[in-house]
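> Please read through the structure below; I'll follow up with questions.
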Amino acid sequence: MDAECKTAAWMTDRLRTRSRYLLILLLLIAAFFAIAVVNVYSGSVQIAPEEVFGILSRQVGEEEARYRIVWQIRLPRILLSALLGGALALSGFLLQTFFRNPIAGPYVLGISSGAKMTVALVMIYFLERFHEVSSSVLILAALLGSLLVTGFILLLSRRLRQMPVLLIAGIMVGYICTAVTDFIVTFADDSDIVNLHNWSLGSFSGADWDNVHTAFWIVTAAFLLTFLLSKPIGAFQMGEAYAQSVGVNIRLLRVAVILLSSILTASVTAFAGPISFVGTAVPFLIKRVLHTARPIVLIPTLFLGGAVFCMLCDLIARTAFSPAELNVSTVTAVFGAPIVILIMLKKQREY
Amino acid sequence: MKNKLAALLLVFLTVLLTGCGGAGSGAAGVADPAAPDLSGPSAAQESAADPDAPVVDGLIYASTMKLDYAECFDVYFYEGGYAVVEIDGSRGYLVVPEGAEVPAGAEGRFLVLRRPLDRIYLAATSAMCLFDALDGLSGIRFSGTRADGWYIESAVRAMEEGDILYAGKYNAPDYELILSGDCDLAVESTMILHSPKVQEKLEELGVPVWVDLSSREPEPLGRTEWIKAYAVLLGKEAQAEEVFAGQKRYAEELAGVVNTEKTVAFFYVNSGGAIVTKKSADYIPKMIEMAGGRYVFSDLGDSETASSSVTMDMETFYAAARDADYLIYNASIDEPLDSVDGLLFKNELFADFKAVREGNVWCTTKYLYQASSVNGEIVYDIHLMLTSGDGAAVEPTFLYKLY
């Protein structure tokens, strides 16, 4: 009788937990579509809702300004912010798992500092020698910088077994990259400095369909691979000894995790510049809301959470002081940090 | 497990490389439509008078604009009122007169600008005074600077009255406003070259981007001469000649004057306490030389690089400029100074400077950097500063004396 009761209670509890997961996922999906709709309708040019519907269903001529505003300005921007927001959250989760440290984020390892360094080098060199530089060159420079730092961290991880030590090494790499950037900037023109600063605050402005396509393939592939690694990551969370006992190749998993998180961070930095806060805060928030750290549940939820958070922040960035536009990092930190502090305070009170 | 992970990573890297390749070919592989193609069967025949004039099918070359100082642009005229403006020898703009046809094949080779151009987005601050001097503010519909950022009265008035709308900075323009307002040209400074994504987005939206390279002109009057390029856009060539001739007269008047050999330092103190001064090859030192003075640094900075400023520590500046006859405080980035005490507040060492002891400290107004249409007058004011003793003859338009 006792056993039956326990089973029933366990079943009820499990059902309740699953229902909560489902509810949160559904809420995030609803929020995603709601914010996407608000984003499509909002902008410095007023377009009536029925008109937007006509534009989206291509009933309006392609040459009309309203059509081009929606299809060439708003939609690519919404999709890019969603994709890259999800990528940042996922990247943060992977790094937090890898380092077993909740403050680890995509920028702790110096990946964005590496990207900034190569962008500074390329921007200054190209402008000095050729008087111009294309956006694809800057994208490749950011990608290269991110991957260079990642490669270096991977090399270090072969020698440094302790995660806190590796984390500190990553922070040091970031400092070195920042120092190199500062050194370059010392001899740069004022215009280089101003523009590098603007770039380093991140923006989805200027997103186009080429960016969306490329980001889609990279982020989707990384997402699927991360999702497929849910089980080994879950085992890794229980401790290395446990993971090894169930057949997880720890060394390879470490490489996979750090490579995936770096690729995700690199693609965000390449397409939108460094965007702070999302990678650290969103996994934290989602874990708090879900009351679980199970990767199979967390991965899709926090990806969606990151997408929703970034879309919302971008909406604020482009509409709050329109026609002037805020940098995304300004909004993500200013609007996101108080939420995290509030949640932490609430939890503290509960304990 | 090991094999599975290795296979997954391999798949991922393949996808990644495919994705990157796609982006690269999509963005970088497109030929620049603005680059003029000088090849063609009739090139030699039709441009016999000026071998540099681009051949445009269906148009007959008429003349080339005579430029006295400007080096960064050229203008070629064709019969029927057409013109090609080439900037830096690489970007070509075909200006089509009102109501005229665009020559076949021109769209791919040039950025086609159809007159009248009356919905311009102006993000190059130095160009506003040139439009103003041409009475061409009505051609500007959007500004990359807010009303309080302009020191040109008519520009401020136009913005306050709603004739010119603020449409976001050069690096974050309001694409929606620009597109919905049928913007026909974006006039950008060299800052846009640091934000290629913005330039590409504007062009994707069908807004041609004109890059004003006047800041790269080595001669002060070269900057002023850009008024002739804007005149082609507005169809006001005669007016531009008149304005430019007026400024040229100042330079001609000073050409025969013997140099006073008075040394001048031009600088500001940045937030870190370092001194930011101009390279010797910059246009400000040239203005000082034209005005009859000597720039205190005879060979400062690499003239080959695009940078115009040099940041140095106070010790280096002190050693070089302590005995300078005049100090001009550059208030373009920093706030203008009210008095010599303001300078001493930044660093007490300035009290040791000859110019401070002798009361020859001057400060620029914010207007100086928006006044490239009157560079001749600015040179003349510096000349008056150097020669009029107490400086009372200098109108405080661009420079004022600190007490």
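Sequence lines, in order, name chains A and B. So the first sequence is numbered by our numbering: it starts at 906 and just counts up by one. So the second sequence is numbered by our numbering: it starts at 258 and just counts up by one. Each residue gets a CB set at the ideal place from its N, CA and C atoms; glycine is no exception.
1. Please confirm whether residue 283 of chain B has its beta-carbon closer than 8 angstroms to some beta-carbon of chain A.
2. Which two residues bound the contiguous alpha helix (DSSP H) that contains residue 1223 of chain A?
3. Going by the CB atoms, is the gap between residue 1108 of chain A and residue 1232 of chain A shorter than 8 angstroms?
4. For residue 1143 of chain A, return the contacting residues in chain B, with the cut-off set at a CB-CB distance below 7 angstroms.
5. State the beta-bridge partners of residue 343 of chain B as determined by DSSP.
6. Is residue 1173 of chain A close to chain B? Criterion is C-beta to C-beta, closer than 8 angstroms.
7. Look at the alpha carbon of residue 975 of chain A and the alpha carbon of residue 316 of chain B, and state the distance between them as a whole number of angstroms.
8. Could you compute how far the alpha carbon of residue 439 of chain B sits from the alpha carbon of residue 432 of chain B?
9. Name the chain B residues that come within less than 7 angstroms of residue 950 of chain A, Cβ to Cβ?
10. Does any CB atom of chain A fall closer than 8 angstroms to the CB of residue 454 of chain B?
11. Would you say residue 592 of chain B reaches chain A, if we count a Cβ-Cβ gap shorter than 8 angstroms as a contact?
12. Answer with buried or exposed for residue 960 of chain A, where buried requires no fewer than 16 other C-beta atoms within 10 angstroms of its C-beta.
13. Just to confirm the assignment, what range does the alpha helix (DSSP H) spanning residue 1089 of chain A have?
14. Residue 363 of chain B versus chain A: which residues are under 7 angstroms apart at the beta carbon?
15. Please report the distance separating the alpha-carbon of residue 1105 of chain A from that of residue 1224 of chain A.
16. Can a CB atom of chain B be found closer than 8 angstroms to the CB of residue 977 of chain A?
17. So residue 1158 of chain A and residue 1141 of chain A are supposed to be a Cβ contact under 8 angstroms. How far apart are they, rounded?
18. Considering Cα atoms alone, identify which of B:496, B:567, B:400, B:374 is closest to residue 385 of chain B.
19. Give me the residue from B:358, B:582, B:568, B:651 with the minimum Cα distance to residue 615 of chain B.
20. If you reduce the DSSP assignment to three classes, tell me which class residue 1020 of chain A lands in.
21. Would you say residue 1102 of chain A lies against chain B (beta-carbon separation less than 8 angstroms)?
22. Report the three-state DSSP secondary structure of residue 419 of chain B (helix, strand or coil).
23. How long is the line joining the alpha carbons of residue 538 of chain B and residue 478 of chain B, rounded to whole angstroms?
24. Closer than 7 angstroms by beta-carbon distance: list the chain A residues that pair up with residue 324 of chain B, in chain order.
25. If I measure Cβ to Cβ from residue 1086 of chain A and keep anything under 6 angstroms in the same chain, skipping five residues before and after, which residues do I get?
26. Would you list the one or two residues that DSSP bridges to residue 619 of chain B?
27. Can you tell me whether residue 1169 of chain A is helix, strand or coil according to DSSP?
28. May I ask you to verify whether the stretch 602-615 of chain B touches the stretch 518-538 of chain B, counting CB pairs closer than 8 angstroms and requiring at least 3?
29. Can you look up residue 466 of chain B in the DSSP assignment and give me helix, strand or coil?
30. What separation, rounded to the nearest whole angstrom, lies between the Cα atoms of residue 1127 of chain A and residue 1165 of chain A?
31. Indicate whether at least one CB of chain B lies closer than 8 angstroms to the CB of residue 965 of chain A.
32. Quick check on residue 1139 of chain A: does DSSP put it in helix, strand or coil?
33. Which residue wins for smallest C-alpha separation from residue 1198 of chain A, given the options A:922, A:909, A:912, A:981?
34. In this structure, how does DSSP classify residue 963 of chain A when only helix, strand and coil are distinguished?
35. Helix, strand or coil for residue 265 of chain B? Go by DSSP, reduced to three states.
36. Do we get a CB-CB distance below 8 angstroms when we pair residue 571 of chain B with the residues of chain A?
Quick answer:
1. Here residue 283 of chain B refers to the residue found at position 26 when the second sequence is read from its first residue. With a pLDDT of only 34 at residue 283 of chain B, under 50, the local geometry of the prediction cannot be trusted, and no value is derived from it.
2. For the purposes of this step, residue 1223 of chain A is taken as residue 318 along the first sequence, with counting starting at 1. Residue range 1200-1224 is occupied by the alpha helix (DSSP H) that includes residue 1223 of chain A.
3. Reading the first sequence from its first residue, position 327 is the one you call residue 1232 of chain A. Reading the first sequence from its first residue, position 203 is the one you call residue 1108 of chain A. Contact flag set, yes.
4. Here the question's residue 1143 of chain A lines up with position 238 in the first sequence. For residue 1143 of chain A, there are no neighbours in chain B by C-beta distance under 7 angstroms, as the nearest C-beta there is about 16 angstroms away.
5. For this step, residue 343 of chain B is matched to residue 86 along the second sequence. DSSP, once it has assigned bridges, lists B:331, B:349 as partnering residue 343 of chain B.
6. Counting from 1 along the first sequence, the entry for residue 1173 of chain A is found at position 268. Contacts with chain B at 8 angstroms (Cβ-Cβ) do not include residue 1173 of chain A.
7. In the first sequence, counting from the first residue as 1, residue 975 of chain A sits at position 70. In the second sequence, counting from the first residue as 1, residue 316 of chain B sits at position 59. Cα-Cα distance, rounded: 39 angstroms.
8. For the purposes of this step, residue 439 of chain B is taken as the residue at position 182 of the second sequence. For the purposes of this step, residue 432 of chain B is taken as the residue at position 175 of the second sequence. Their backbone Cα atoms lie some 11 angstroms apart in a straight line.
9. As a position in the first sequence, residue 950 of chain A is number 45, starting the count at 1. Correct list: 433, 434, 437.
10. Looking up residue 454 of chain B in the second sequence gives position 197. Closer than 8 angstroms to some Cβ of chain A, the Cβ of residue 454 of chain B qualifies, so yes.
11. Looking up residue 592 of chain B in the second sequence gives position 335. By this cut-off, residue 592 of chain B is not an interface position.
12. The count along the first sequence starts at 1 and reaches residue 960 of chain A at position 55. The residue is buried, with at least 16 neighbouring Cβ atoms inside 10 Å.
13. As a first step, residue 1089 of chain A must be located in the first sequence, where it is residue number 184. Note, residue 1089 of chain A: alpha helix (DSSP H), 1068-1091.
14. On the second sequence, residue 363 of chain B is found 106 positions in, with the first residue counted as 1. Those do not exist, as residue 363 of chain B stays about 20 angstroms from chain A at its closest Cβ, beyond 7 angstroms.
15. Here residue 1105 of chain A is taken as the residue at index 200 of the first sequence, counted from 1. Here residue 1224 of chain A is taken as the residue at index 319 of the first sequence, counted from 1. Cα-Cα distance, rounded: 21 angstroms.
16. Taking the first sequence and counting its residues from 1, one reaches residue 977 of chain A at position 72. Yes - at least one Cβ of chain B is within 8 angstroms of the one on residue 977 of chain A.
17. As a position in the first sequence, residue 1158 of chain A is number 253, starting the count at 1. As a position in the first sequence, residue 1141 of chain A is number 236, starting the count at 1. Residue 1158 of chain A to residue 1141 of chain A, Cβ: 6 angstroms. Contact.
18. One-based indexing of the second sequence puts residue 385 of chain B at position 128. Checked all of B:496, B:567, B:400, B:374; the closest Cα to residue 385 of chain B is B:400.
19. Mapped onto the second sequence, residue 615 of chain B falls at position 358. It is B:582 whose Cα lies nearest to the Cα of residue 615 of chain B.
20. On the first sequence, position 115 is the one that residue 1020 of chain A refers to. DSSP places residue 1020 of chain A in the helix class (H, G or I) of the three-state scheme.
21. Translated into the one-based positions of the first sequence, residue 1102 of chain A becomes position 197. Closer than 8 angstroms: no.
22. Indexing the second sequence from 1 puts residue 419 of chain B at position 162. In the three-state reduction of the DSSP assignment, residue 419 of chain B falls in the coil class.
23. Locating residue 538 of chain B in the second sequence gives position 281, where the first residue counts as 1. Locating residue 478 of chain B in the second sequence gives position 221, where the first residue counts as 1. Each residue's Cα considered, the two are about 14 angstroms apart.
24. Along the second sequence, read from residue 1 onward, the residue named residue 324 of chain B stands at position 67. The premise fails here: residue 324 of chain B is roughly 20 angstroms from chain A at the closest Cβ pair, so nothing lies under 7 angstroms.
25. Numbered from its first residue, the first sequence carries residue 1086 of chain A at position 181. Closer than 6 angstroms at Cβ, skipping near neighbours: 1021, 1022, 1025.
26. Residue numbering aside, residue 619 of chain B sits at position 362 when the second sequence is read from its first letter. The partner list for residue 619 of chain B (beta bridge, DSSP) reads B:585, B:658.
27. Here residue 1169 of chain A refers to the residue found at position 264 of the first sequence. The three-state reading of DSSP puts residue 1169 of chain A in helix, counting H, G and I together.
28. Judged by Cβ distances under 8 angstroms, the stretch 602-615 of chain B makes contact with the stretch 518-538 of chain B, as three or more pairs qualify.
29. By 1-based counting over the second sequence, the position of residue 466 of chain B is 209. Strand at residue 466 of chain B.
30. In the first sequence, the residue the question calls residue 1127 of chain A occupies position 222. In the first sequence, the residue the question calls residue 1165 of chain A occupies position 260. Distance between the alpha carbons of residue 1127 of chain A and residue 1165 of chain A: 6 angstroms.
31. Here residue 965 of chain A corresponds to residue number 60 of the first sequence, with the count starting at 1. No, no contact with chain B.
32. Within the first sequence, residue 1139 of chain A is the residue found at index 234, counting from 1. If DSSP states are grouped into helix, strand and coil, residue 1139 of chain A belongs with the helices.
33. The count along the first sequence starts at 1 and reaches residue 1198 of chain A at position 293. Selection A:922, A:909, A:912, A:981 evaluated against residue 1198 of chain A yields A:922 as nearest (Cα-Cα).
34. Here residue 963 of chain A refers to the residue found at position 58 of the first sequence. Looking at residue 963 of chain A - three-state DSSP - the assignment turns out to be coil, as it is neither helix nor strand.
35. The count along the second sequence starts at 1 and reaches residue 265 of chain B at position 8. For residue 265 of chain B, the pLDDT reaches just 45, beneath the cut-off of 50, and the residue's location in the model is therefore unreliable, leaving the point undetermined.
36. In the second sequence, the residue the question calls residue 571 of chain B occupies position 314. Residue contact with chain A for residue 571 of chain B: absent (no Cβ-Cβ distance below 8 angstroms to any residue of chain A).
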